[in-house]
Amino acid sequence: MTLILQTDLDSLKVLADAVPSGYLVVDLHGKIIVANSIASTVFHYGPGELLGAPVGILLPEPSAENESQECTTFLSDSDGGLVGFGKILTCLCKNGKEIQVEIGAGEVEIDGKLATTVSFIDVTEIKSANTDFLEMVDSLDGIIFECEVESLHMVFVSQRAEELLGYTIEEWKSDSKFWMNHIHPDDRDRAVAFCSYETQVGRDHNFEYRMIHKDGHAIWFRDFVRVVMRDGKPWRMRGLMVDISAQKKADEERKTLERQVIVAQKLSSLAVLAGGIAHDFNNLLVGVLGNAELILDELPSESPFIEKVRRIQAASRRAADLTHQMLAYSGKGQFHSEPIDFRLLIEEMAYLLEAAMSKSAVIKYDLVDDLPPILADPTQIRQVVMNLLTNASDAIGSKSGIIMISLGLVEADPQYLAGMYLDEAIDPGRYLTLEVSDTGCGMDAETISKMFDPFFTTKFTGRGLGLAATLGIIRGHKGGVKVYSENGRGTTMKILLPAIHKNLQVRDPSFSEPTTLTMQTGKVLVIDDDETVCSVLKDGLERFGFSVIASGDGRSGLDIFLEQGDFDLVFLDLTMPHLDGIETFREIRLSGLECPVVLMSGYNEQEATSYFVGKGLAGFLQKPFKLQALSDAVKEAFAD
Numbered sequence: 006m007t008l009i010l011q012t013d014l015d016s017l018k019v020l021a022d023a024v025p026s027g028y029l030v031v032d033l034h035g036k037i038i039v040a041n042s043i044a045s046t047v048f049h050y051g052p053g054e055l056l057g058a059p060v061g062i063l064l065p066e067p068s069a070e071n072e073s074q075e076c077t078t079f080l081s082d083s084d085g086g087l088v089g090f091g092k093i094l095t096c097l098c099k100n101g102k103e104i105q106v107e108i109g110a111g112e113v114e115i116d117g118k119l120a121t122t123v124s125f126i127d128v129t130e131i132k133s134a135n136t137d138f139l140e141m142v143d144s145l146d147g148i149i150f151e152c153e154v155e156s157l158h159m160v161f162v163s164q165r166a167e168e169l170l171g172y173t174i175e176e177w178k179s180d181s182k183f184w185m186n187h188i189h190p191d192d193r194d195r196a197v198a199f200c201s202y203e204t205q206v207g208r209d210h211n212f213e214y215r216m217i218h219k220d221g222h223a224i225w226f227r228d229f230v231r232v233v234m235r236d237g238k239p240w241r242m243r244g245l246m247v248d249i250s251a252q253k254k255a256d257e258e259r260k261t262l263e264r265q266v267i268v269a270q271k272l273s274s275l276a277v278l279a280g281g282i283a284h285d286f287n288n289l290l291v292g293v294l295g296n297a298e299l300i301l302d303e304l305p306s307e308s309p310f311i312e313k314v315r316r317i318q319a320a321s322r323r324a325a326d327l328t329h330q331m332l333a334y335s336g337k338g339q340f341h342s343e344p345i346d347f348r349l350l351i352e353e354m355a356y357l358l359e360a361a362m363s364k365s366a367v368i369k370y371d372l373v374d375d376l377p378p379i380l381a382d383p384t385q386i387r388q389v390v391m392n393l394l395t396n397a398s399d400a401i402g403s404k405s406g407i408i409m410i411s412l413g414l415v416e417a418d419p420q421y422l423a424g425m426y427l428d429e430a431i432d433p434g435r436y437l438t439l440e441v442s443d444t445g446c447g448m449d450a451e452t453i454s455k456m457f458d459p460f461f462t463t464k465f466t467g468r469g470l471g472l473a474a475t476l477g478i479i480r481g482h483k484g485g486v487k488v489y490s491e492n493g494r495g496t497t498m499k500i501l502l503p504a505i506h507k508n509l510q511v512r513d514p515s516f517s518e519p520t521t522l523t524m525q526t527g528k529v530l531v532i533d534d535d536e537t538v539c540s541v542l543k544d545g546l547e548r549f550g551f552s553v554i555a556s557g558d559g560r561s562g563l564d565i566f567l568e569q570g571d572f573d574l575v576f577l578d579l580t581m582p583h584l585d586g587i588e589t590f591r592e593i594r595l596s597g598l599e600c601p602v603v604l605m606s607g608y609n610e611q612e613a614t615s616y617f618v619g620k621g622l623a624g625f626l627q628k629p630f631k632l633q634a635l636s637d638a639v640k641e642a643f644a645d
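Quick note on this note's numbering: the sequence shown kicks off at 6 and runs consecutively.
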């Protein structure tokens with residue numbers, strides 16, 4: 006039973022003026038019979054102007070033909086009954102402006118006749134501010150939320166949640182465990198435990214975790230949470246979940262770049278060290294090998310010392326092999342590049358690989374047909390293949406296992422090339438891939454970080470130069486290396502080498518033109534800062550019939566050349582004090598005296614002669630050398 010207020014009109018007018026909000030009384034015909042001053046002000050009417058007017062004039066599209074219908078529209082709720090307080094209605098002011106009002110209606114009996122009372126407040130600015138706030142919230146690159154602490158029920162979630170994660174707001178609100186269930190499984194326990202503890206102690210907090218998008222991919226968020234207290238207890242959590250996926254990706258790329266820079270710096274430093282040691286050691290080996298060869302040439306065939314000298318030669322050649330590996334690591338080894346069919350090279354090596362492997366290891370091949378050739382030194386590439394296979398075999402040990410050798414072709418973009426062992430960037434493009442995988446013991450992260458360091462080894466009998474040389478050879482060929490390995494799960498080494506045009510002719514690398522010692526006459530100047538090298542060259546050249554003058558540095562050698570001016574040939578070292586080979590060569594050319602110059606170095610020909618391109622260098626002699634190589638260099642110089 007609803008109680009209806011009974012009063013008279015005058016009393017109701019007094020009551021209306023006392024109400025702190027807009028107040029109207031409408032009769033059964035829809036006419037306004039009471040309007041307080043606040044109502045007139047809100048709707049921009051003058052005092053008394055609303056009295057007797059149809060209530061429909063306060064609606065945006067009034068209908069003068071049916072005033073009772075207007076009253077129903079103004080005052081009734083969706084069920085046709087009188088509205089309680091809280092209905093938001095759009096109304097029309099006298100000046101044509103539309104406003105938002107929140108109204109409540111009730112019934113009253115005035116002098117025995119029923120009427121309707123309407124109280125209202127202008128909420129236009131509040132609604133506008135609320136709309137602006139929601140638009141601002143939805144424009145943020147993050148999710149605004151409020152949830153209950155005990156139930157984890159989401160009281161509010163901004164529209165951005167649907168855009169970022171693909172789930173509707175209804176899905177967020179309908180499941181109290183929605184947030185927890187959609188955290189990435191790897192982050193869930195940590196994130197929930199941290200948030201729960203910080204919330205229970207009433208402490209605002211922030212933390213990072215991943216959530217799973219509706220399509221399955223993960224998105225990184227940083228969650229900023231404010232704990233709202235009530236009666237001294239945590240009541241609600243209000244927070245902002247900011248999408249930090251781009252930042253995380255950038256951080257990871259920065260860390261990757263930093264790791265690459267560190268690796269490159271380490272490789273570069275070690276390469277300089279290894280190259281320097283090898284260069285100096287090569288000078289010493291020139292003396293040992295050269296003098297041993299000269300001694301053999303002078304000993305009678307029945308001499309008991311011949312075998313001993315040959316042992317000296319053999320030991321020296323093994324030492325030279327070590328220096329070659331150090332030079333290979335430094336990227337300054339001696340390369341004789343030519344087009345190579347990589348598949349054919351591996352097929353020809355198969356019997357050697359089988360013989361060198363552990364008896365318990367089985368080699369399998371996956372060699373793609375119709376691959377383009379590579380431009381490389383076949384001897385060096387064979388060393389790379391053998392080194393990789395040897396390490397794979399050692400990793401398997403006495404247990405049974407499989408070694409897989411695969412060849413392929415890849416279009417490598419910058420992302421693919423990221424993470425390689427390089428000291429300088431290589432260009433994106435087509436690369437042949439050699440992949441050697443084993444089922445051996447694998448490596449941990451620390452071992453992987455050191456595996457290419459010269460002299461680092463995990464083998465009792467190892468020298469630690471095999472993989473160091475492998476890396477140097479690949480770097481020298483403008484390629485790259487990738488390593489995939491885990492303890493107990495084997496290792497995969499992937500080598501990338503630039504592919505070249507298929508139409509280039511692939512030559513047989515085993516063919517070489519035989520040479521013989523050449524007898525000559527003439528005057529030769531040797532310029533080298535190593536006395537042993539000078540001595541061996543002098544003895545060897547004199548044996549060929551030349552007269553020889555030796556100088557210990559570039560400055561004195563240049564002075565001798567300019568003073569005497571009648572030399573037929575100059576042997577010039579690349580690295581010397583006072584005046585190096587580059588400066589000395591330039592001064593010789595500026596003198597105007599015509600004389601062929603042969604460059605000498607322990608570094609590879611490509612590296613050493615790169616400073617002399619187009620300048621008329623007559624030849625190159627790689628240290629350490631045999632007398633046959635010296636004779637060939639002389640022959641080449643005079644052939645020009």
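Ideal placement from N, C-alpha and C gives every residue a C-beta, glycine not left out.
- Taking C-alpha positions only, residue 174 is separated from residue 486 by approximately 49 Å.
- Note on the stretch 181-216: whole alpha helix (DSSP H) runs with a minimum of 4 residues are 183-186, 190-205, in chain order.
- Between residue 532 and residue 389, the gap from beta carbon to beta carbon reaches 7 Å or more.
- Non-local C-beta neighbours of residue 391 in its own chain, meaning closer than 8 Å and more than five positions away in sequence, comprise 354, 357, 358, 361, ordered along the chain.
- If you draw a 10 Å sphere on the C-beta of residue 51, you find fewer than 16 other C-beta atoms in it, and that means exposed.
- Its chain contains 563 as the residues whose beta carbon lies nearer than 6 Å to that of residue 592, once the 5 sequence neighbours on both sides are disregarded; these appear in chain order.
- Residue 298 counts as buried, since at least 16 other C-beta atoms from the protein chains shown sit within 10 angstroms of its C-beta.
- In the three-state reduction of the DSSP assignment, residue 614 falls in the helix class.
- In this structure, the alpha-carbon of residue 447 lies about 7 Å from that of residue 400.
- In this structure, the CA atom of residue 54 is about 51 Å from the CA atom of residue 245.
- Of the candidates 131, 197, 415, 111, 131 places its Cα closest to the Cα of residue 105.
- The C-alpha of residue 222 is placed about 57 Å away from the C-alpha of residue 285.
- Leaving aside the five residues that flank residue 231 on each side, the residues in its chain whose CB is nearer than 8 Å to its CB run, in chain order, 209, 242, 243, 244.
- Judged by DSSP in its simplified three-state form, residue 369 adopts strand.
- Sequence-distant Cβ neighbours of residue 418 in its own chain, meaning closer than 6 Å and more than five residues away, are 433.
- According to the DSSP secondary-structure assignment, residue 641 is paired through a beta bridge with no residue.
- Here residue 65 is not near residue 35, since their CB atoms are 7 Å or more apart.
- Inclusion of residue 324 and residue 290 in the CB contact set at 7 Å is warranted, their separation being smaller than that value.
- DSSP lists 367 as the bridge partner or partners of residue 407.
- Cα atoms of residue 596 and residue 623: separation of roughly 17 Å, rounded to the nearest angstrom.
- Taking the Cβ atoms as the reference, residue 402 lies roughly 16 Å from residue 442, outside the contact range of under 8 Å.
- With contact defined as three or more Cβ pairs closer than 8 Å, the stretch 624-635 and the stretch 536-549 are in contact.
- The DSSP-derived three-state label of residue 32 is strand.
- Residue 558 and residue 600 have their C-alpha atoms roughly 19 Å apart.
- In this structure, residue 199 lies near residue 212, with their beta-carbon atoms less than 7 Å apart.
- The three-state reading of DSSP puts residue 417 in strand, counting E and B together.
- Counting other Cβ atoms within 10 Å of its Cβ, residue 404 stays below 16 and is therefore classed as exposed.
- DSSP places residue 248 outside any alpha helix (DSSP H); the residue lies instead in the beta strand (DSSP E), whose first and last residues are 238-248.
- Put simply, of 37, 195, 44, 538 the residue whose alpha carbon is nearest the alpha carbon of residue 57 is 37.
- A residue is called buried once 16 or more other Cβ atoms fall within 10 Å of its Cβ, and residue 191, having fewer, is exposed.
- When DSSP states are grouped into helix, strand and coil, residue 505 belongs to the coil group.
- Per DSSP, residue 18 is one residue of the alpha helix (DSSP H) stretching across 14-23.
- In the structure shown, the three-state DSSP call for residue 310 is coil.
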